[in-house]
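Right, one structure below, let's go through it.
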Ligand SMILES: Cc1ncc(C[n+]2csc(CCOP(=O)(O)OP(=O)(O)O)c2C)c(N)n1
Ligand code: SF4
Ligand SMILES: [Mg+2]
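Residue numbers (the working numbering): 754 to 1029.
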């Protein structure tokens, strides 16, 4: 009897047998959502160039996706992706990386790519910590949280990444958690179809580092917190943002059309050549 093959197996390199994620990690769920979005849009992996930085989240695409994949240096995936997009404007460019990679060392690349409105999808897996390197504090770690580098509690204020990217000028911004795979898949589809900078933040569980060090608990406990601790942007607006405490606001925050960088460069080149 033939073994039943997972419907998304066709997008994974044949040589890959398993991912390296810890049991209960949200990264596997997010990987499935990305592949499901591509599958539902009936796109080909050859339509894409995938780019990641360094961290557990960066392993979502590499070496697993059977596609053109660039596993780049820490903090620099958006810089690489910008180079790819400017030289191969017909390709769909997707960056998948972690909160540390994209908002700490790589924070300026994120802000300026959003400001330029370059056509790419960026999926930021926000587990609130540097997972891969042993659980150090990140710019997304909640205040008071104990990590390996904040043993007495984090005294800093965390970023609201989606608000920052929205303020920088992105065309599409959405946030979900690993508890919301269907909504997340829908947003990834929208982000892929968007012409412009499309950003999807996913609050995800890292039970091994964040869960253990901060006391957030097991994967199940963290998913329960995401379920009970999130509120839709529509309800948050109804309540007035001041009254929602530390709830995670989820949903689509921005979906607009505005001039895109590659198109603007092409138009400018055409105008200059016509003026000569
Ligand atoms: C220039 C440089 N500085 C630091 C590191 C060490 N380093 C590797 S991954 C990482 C943090 C990753 O955190 P995040 O992006 O949140 O990914 P996660 O592992 O949590 O998914 C750090 C600090 C590095 N590889 N290169
Ligand atoms: S350390 Fe955390 S983020 Fe990294 S694979 Fe394990 S559970 Fe996932
Ligand atoms: Mg992280």
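Note that the Cβ used here is the ideal one computed from N, Cα and C, for glycine as well.
Contact check, residue i vs residue j, beta carbons under 7 Å
i	j	result
residue 851	residue 810	yes
residue 1006	residue 881	no
residue 827	residue 876	no
residue 1034	residue 838	Residue 1034 falls outside the range modelled here, since the chain spans only 754 to 1029, and no answer is possible.
residue 1001	residue 970	no
residue 789	residue 938	yes
residue 932	residue 980	yes
residue 813	residue 780	yes
residue 911	residue 900	no
residue 941	residue 804	no
residue 891	residue 853	yes
residue 957	residue 878	yes
residue 867	residue 921	yes
residue 819	residue 766	yes
residue 986	residue 1004	yes
residue 1038	residue 757	The structure shown has nothing for residue 1038, since the chain only spans 754 to 1029.
residue 747	residue 885	With the chain running from 754 to 1029 in the structure shown, residue 747 is simply not present.
residue 777	residue 960	yes
Cβ shell of residue i (< 6 Å), same chain only, five flanking positions each side left out
i	result
residue 944	874, 925, 951, 953
residue 855	863, 877
residue 902	889, 890
residue 973	none
residue 883	853, 889, 891
Ligand 1 heavy atom lying under 6 Å from the CB of residue i
i	result
residue 975	no
residue 810	yes
residue 880	yes
residue 827	yes
residue 807	yes
Coil, strand or helix - residue i by DSSP
i	result
residue 933	coil
residue 824	strand
residue 786	helix
residue 876	strand
residue 889	strand
residue 845	strand
residue 950	strand
residue 1008	strand
residue 1025	helix
residue 831	helix
residue 771	coil
residue 756	coil
residue 940	helix
residue 791	helix
residue 916	helix
residue 1003	strand
residue 927	strand
Near ligand 3: residue i beta-carbon under 6 Å from a heavy atom
i	result
residue 876	no
residue 852	yes
residue 814	no
residue 884	yes
Closer than 6 Å: residue i CB and nearest ligand 4 heavy atom
i	result
residue 804	For the structure depicted, ligand 4 is absent and the ligand set comprises only ligand 1, ligand 2 and ligand 3.
Residue i beta carbon near ligand 2 (any heavy atom closer than 6 Å)
i	result
residue 785	no
residue 1076	Here the chain covers residues 754 to 1029 and nothing more, so residue 1076 does not appear.
residue 890	no
residue 770	no
residue 961	yes
residue 979	no
residue 817	no
8 Å CB neighbourhood of residue i in its chain, flanking five on each side removed
i	result
residue 907	890, 894, 895, 896, 897, 898, 899, 900
residue 1024	none
residue 1019	842
Close beta carbons around residue i, own chain, < 7 Å, minus the five adjacent residues each side
i	result
residue 815	805, 822, 824
residue 832	862
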